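Chemist:
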Amino acid sequence: MTVFGRRVGPAQLGTPAVLQGLPRLPWVWGLVGAVALIAAATVGVLAGPVHIGVGTVIQTLIAPIPWFGHRTLAADSSQASILWSLRFPRVVLGAIVGGMLATAGAAYQGVFRNPLADPYLLGAAAGANLGATLAIAFAPGSSLIGVNVVPLAGFAGAAAAVAGAYVLGRTVTGLRNATGLILAGVAIAAFLNAVQTYIQQSQPSTIRQVYSWILGRLVTAGWDGVWLVLPYVAISIVVIFLHRRLLDALSVGEEEVNSLGISARRVRLIVVVAATLGTAAAVAIAGTIAFVGIIVPHTIRLLVGRSYRVVIPLSILFGAAFLVLADTAARTVAAPAELPIGVITALVGAPFFIVVMRSTRAAEL
Amino acid sequence: MRMHLIATSAKLVAATVAAAACGVATPTTAPNTQTAAFPVTIGEAGGASVTIAKQPHRIVSLSPTATEMLYAIDAGPQVVAVDEQSNYPANAPITKLSGFTPNIEAIAAYTPDLVVASDDTSGLVHGLEALSIPTLIQPAAKNLDGTYAQISQLGVATGHAAAADSVNKKIRSDVAAIVASVPKPARTLSVYHELDDTYYSATSNTFIGQAYALFGLKNIADGATATAPDYPQLSAEYIVASSPDLIVLADTKCCHQDLHTVSARPGWSSIAAVKSGQVIGVDDDVASRWGPRVVDLLRLIAPHIRALETSSP
Numbered sequence: 022m023t024v025f026g027r028r029v030g031p032a033q034l035g036t037p038a039v040l041q042g043l044p045r046l047p048w049v050w051g052l053v054g055a056v057a058l059i060a061a062a063t064v065g066v067l068a069g070p071v072h073i074g075v076g077t078v079i080q081t082l083i084a085p086i087p088w089f090g091h092r093t094l095a096a097d098s099s100q101a102s103i104l105w106s107l108r109f110p111r112v113v114l115g116a117i118v119g120g121m122l123a124t125a126g127a128a129y130q131g132v133f134r135n136p137l138a139d140p141y142l143l144g145a146a147a148g149a150n151l152g153a154t155l156a157i158a159f160a161p162g163s164s165l166i167g168v169n170v171v172p173l174a175g176f177a178g179a180a181a182a183v184a185g186a187y188v189l190g191r192t193v194t195g196l197r198n199a200t201g202l203i204l205a206g207v208a209i210a211a212f213l214n215a216v217q218t219y220i221q222q223s224q225p226s227t228i229r230q231v232y233s234w235i236l237g238r239l240v241t242a243g244w245d246g247v248w249l250v251l252p253y254v255a256i257s258i259v260v261i262f263l264h265r266r267l268l269d270a271l272s273v274g275e276e277e278v279n280s281l282g283i284s285a286r287r288v289r290l291i292v293v294v295a296a297t298l299g300t301a302a303a304v305a306i307a308g309t310i311a312f313v314g315i316i317v318p319h320t321i322r323l324l325v326g327r328s329y330r331v332v333i334p335l336s337i338l339f340g341a342a343f344l345v346l347a348d349t350a351a352r353t354v355a356a357p358a359e360l361p362i363g364v365i366t367a368l369v370g371a372p373f374f375i376v377v378m379r380s381t382r383a384a385e386l
Numbered sequence: 115m116r117m118h119l120i121a122t123s124a125k126l127v128a129a130t131v132a133a134a135a136c137g138v139a140t141p142t143t144a145p146n147t148q149t150a151a152f153p154v155t156i157g158e159a160g161g162a163s164v165t166i167a168k169q170p171h172r173i174v175s176l177s178p179t180a181t182e183m184l185y186a187i188d189a190g191p192q193v194v195a196v197d198e199q200s201n202y203p204a205n206a207p208i209t210k211l212s213g214f215t216p217n218i219e220a221i222a223a224y225t226p227d228l229v230v231a232s233d234d235t236s237g238l239v240h241g242l243e244a245l246s247i248p249t250l251i252q253p254a255a256k257n258l259d260g261t262y263a264q265i266s267q268l269g270v271a272t273g274h275a276a277a278a279d280s281v282n283k284k285i286r287s288d289v290a291a292i293v294a295s296v297p298k299p300a301r302t303l304s305v306y307h308e309l310d311d312t313y314y315s316a317t318s319n320t321f322i323g324q325a326y327a328l329f330g331l332k333n334i335a336d337g338a339t340a341t342a343p344d345y346p347q348l349s350a351e352y353i354v355a356s357s358p359d360l361i362v363l364a365d366t367k368c369c370h371q372d373l374h375t376v377s378a379r380p381g382w383s384s385i386a387a388v389k390s391g392q393v394i395g396v397d398d399d400v401a402s403r404w405g406p407r408v409v410d411l412l413r414l415i416a417p418h419i420r421a422l423e424t425s426s427p
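First to last, the protein sequences are chains A and B.
Following my numbering, the numbering of the first sequence begins with 22 at its first residue and continues without gaps.
Following my numbering, the numbering of the second sequence begins with 115 at its first residue and continues without gaps.
(1) What would DSSP say about Val-408/B, mapped onto helix, strand or coil?
(2) Under a three-way DSSP split, which group does Thr-227/A fall into?
(3) Once the 5 residues before and after Gly-370/A are set aside, which same chain residues still bring their CB inside 7 Å of it?
(4) I'd like to know if the region 290-297 of chain B and the region 188-204 of chain B are in contact, where contact means that at least 3 CB-CB pairs between them fall below 8 Å.
(5) Give me the chain A residues within the contact set of Val-354/B, using Cβ-Cβ distance strictly less than 9 Å, ordered along the chain.
(6) I need the straight-line Cα distance from Val-409/B to Val-293/A, nearest angstrom please.
(7) Please list the partners that Thr-215/B has in chain A, where partner means a Cβ-to-Cβ separation under 7 Å.
(8) Output the distance between the C-alpha atoms of Glu-277/A and Ala-153/A, rounded to the nearest integer angstrom.
(9) In terms of DSSP beta bridges, what is Ile-394/B paired with?
(10) Note down, in chain order, all residues in the region 373-388 of chain B with a beta-carbon under 7 Å from any beta-carbon belonging to chain A.
(11) Can you find a CB in chain B that lies within less than 9 Å of the CB of Leu-396/A?
(12) Note down, in chain order, every chain A residue with its Cβ under 7 Å from the Cβ of Gly-337/B.
(13) Using 8 Å for Cβ pairs, my map puts Ala-441/B next to Ser-287/B. What's the rounded Cβ distance?
(14) Determine the closest residue to Phe-447/A out of Gly-51/A, Tyr-253/A, Val-332/A, with distance taken between C-alpha atoms.
(15) With 16 other CB atoms within 10 Å as the buried threshold, where does Tyr-185/B fall?
(16) What distance in whole Å lies between the Cβ atoms of Gly-260/B and Trp-404/B, which are believed to be in contact at a cut-off of 8 Å?
(17) So, with DSSP's three-state summary, where would you put Gly-157/B?
(18) So which residues of chain E does Ala-350/B contact, with C-beta pairs closer than 8 Å?
(19) Using 8 Å as the cut-off, can you tell me whether the region 119-136 of chain A makes contact with the region 298-314 of chain A, which would need three or more C-beta pairs spanning the two stretches below that distance?
(20) Touching or not, the region 387-395 of chain B and the region 369-378 of chain B, by the rule of three or more beta carbon pairs under 8 Å?
(21) Can you pull out the residues from the region 319-345 of chain B whose beta carbon lies closer than 7 Å to at least one beta carbon of chain A?
(22) Since Val-250/A and Ala-174/A should fall inside the 8 Å C-beta cutoff, what is the C-beta to C-beta distance between them, to a whole number of angstroms?
(23) So that I know if they touch, is there some Cβ in chain A lying closer than 9 Å to that of His-370/B?
(24) Does Ala-371/A get closer than 9 Å to chain B when you measure Cβ to Cβ?
(25) Can you find at least 3 beta carbon pairs, one from the region 307-318 of chain B and one from the region 347-360 of chain B, that sit closer than 8 Å?
(26) Within the 9 Å Cβ cut-off, does Arg-407/B reach chain A?
(27) Can you tell me the Cα-Cα spacing of Lys-367/B and Ser-402/B, whole angstroms?
(28) With 9 Å as the threshold, decide whether the Cβ of Tyr-313/B is near any Cβ in chain A.
(29) Going by alpha carbons, who is nearest to Leu-250/B out of Leu-238/B, Asn-257/B, Ala-338/B, Ala-244/B?
(30) Taking DSSP as the reference, what is the three-state secondary structure of Arg-420/B?
(31) Starting from Glu-308/B and walking both ways along the beta strand (DSSP E), at which residues does that stretch end?
(32) Among residues of its own chain, excluding the 5 on either side of His-274/B, which ones have a beta-carbon nearer than 6 Å to its beta-carbon?
(33) Would you decide whether Asn-205/B is buried or exposed? Buried here means 16 or more other CB atoms lie within 10 Å of its CB.
(34) Determine the closest residue to Ile-256/A out of Met-121/A, Leu-104/A, Ala-68/A, with distance taken between C-alpha atoms.
(35) So Leu-335/A and Gly-54/A are supposed to be a Cβ contact under 8 Å. How far apart are they, rounded?
(36) Which of helix, strand or coil does DSSP assign to Thr-261/B?
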């Protein structure tokens, strides 16, 4: 791996004393995470407002596989269409967005050494909401190169907000510490929220659309949404994953990173850019789903361990599993009506988190 | 105005119109008075009542539906200002006033002698009371009877009771004629009414839902009344599986939806209405108001139901 021209290999990183003795990912937990994701996806695929039998789901899943699948045997074509066009992409998108938000949350917490940091800390949500509100209010229904303009505006807004926070933080504090950046992000988010609220108030006819955007929308998910976010999320997660050891070093202190011959400032910049890229893509397609980025990494810290070599990979798996389950609840609890997914993530997530905190006595926090 | 649809808890006005019931017939000197006797006291939902001392000549309407009703009953010349969403009729004096976040001072600047609104938000009634300005709240009607009651109420409040009666009579006969033009369905046809492109819909508990009930259509949103009685957000899966015979798009202005965009949605091509092309785009505003233009909406939908009747086996 190369970080700004400097070669950074695992061997080189493994040598300093501080990085030795930190726990590696326990394989049992890796297995538990994988099983949780598979179980959540199975539940997500089997449950829905329209009852579709297990046999039909399996038939539909294997139908496209050569030799195994027999397209002629594929049951009810309308059920197959519901599964392929609506339910499967929604489960996949839920997993991608959940894994991304949890990983970005963990990364932000590591970079800023702040347990309250979440993917929206530097204004990504406020920027995305403003971008989407502008698009809904002033360019309704328009599209750019075949893609609806609302997610594009959300993506641009999120990226611009974080870039703005970064520039502001650098001019104010010179990025000597992370606090300046956090405060710049808070200021940017407050400002953008104000602008967003103003536009929303002055265009009351668009309120329901804006509201439904802010609450999160996996409702209209299709495969095109999956293909739209996948590249950004993949890059983001890979970059964060490769920096998990440096995040461990950063959690000890900036000097530890600098002693490796790597600039702590650069590590912070790369991880923030990667996490922001993925968050912006996730927010653009799914809206601002709250709480996933906080609860998932902290639950892992409480149950398994604080090392980012544990937290990052498990955040991907458990974040994905958590959001798939939350979305399954969102579309089945009140079926055939939808519940806002943000309501589920906080309503179920917050009490669960408190139980975990109490049972582990939160000694690690 | 779409905001009215969000005010889901709005209850039907108990339109107890106590027209000239007080018996104090105060003759007014206004030139265009009809037979009205002021003051009038109008009962509102929740037991409140509004007394209007003289025939109003400076009316401010903060409700697009009320604006349409006022012009329909010939009270238009008495209207001095309407809110920013009151875009019909075109000659209504549209202003920057907001019915969603009303500003008492800005309203008072028009020195109104009657304010009509659909919701008592931001302390509207209380604030105007302090300025001795009577305020009439007319929340979203739940059915045509609610519309008739509100039109009558406005007739009494503005001194156009007779005109209001004839408007109601005309709506009644038009609706009856349109409904009669659609033959009794051989099988129950289903409809999906779309409020926006995230699949918010309207059940039969709402005014628009009642419009579909007039034609004997089965509203697929009624399946969701248990958790969201009025305006549920439906699952895409459910809409596709329900395969409605008719889709009415009330999001042609907000979200630019039409047959083309609907058929491009994943999985929607298997829906009966999409296959047969019975996807009707309607004006978002007309479909979300409970005024006299409901007749236009019914007239637009009727031929599509007739087409379905003749094509279905």
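Every residue gets a Cβ at the ideal spot worked out from N, C-alpha and C, and that includes glycine.
Just so we're clear, the structure is a prediction, and the values are computed from it rather than from any experiment.
Modeler: This is what the structure holds:
(1) helix
(2) helix
(3) Phe-312, Ile-316
(4) no
(5) Val-71, Ser-99, Ser-102, Ile-103, Ser-106, Leu-107
(6) 57 Å
(7) Gln-222
(8) 41 Å
(9) Val-362/B
(10) Pro-380, Gly-381, Ser-384
(11) Only positions 22 to 386 of chain A appear in the structure, and residue 396/A is not among them; the question remains open.
(12) Pro-357
(13) The structure shown does not extend to residue 441/B, since chain B is modelled only from 115 to 427, so the question has no answer here.
(14) For residue 447/A there is no data in the structure shown, the boundaries of chain A being 22 and 386.
(15) buried
(16) 7 Å
(17) strand
(18) Going by chain labels, chain E is absent from the structure shown, which instead holds the protein chains A and B.
(19) yes
(20) yes
(21) Gly-337, Ala-338, Thr-341, Ala-342
(22) About 15 Å; that fails the 8 Å criterion.
(23) yes
(24) no
(25) yes
(26) no
(27) 12 Å
(28) yes
(29) Leu-238/B
(30) helix
(31) 304-308
(32) Ile-187, Asp-188, Ala-189
(33) exposed
(34) Met-121/A
(35) 5 Å
(36) helix
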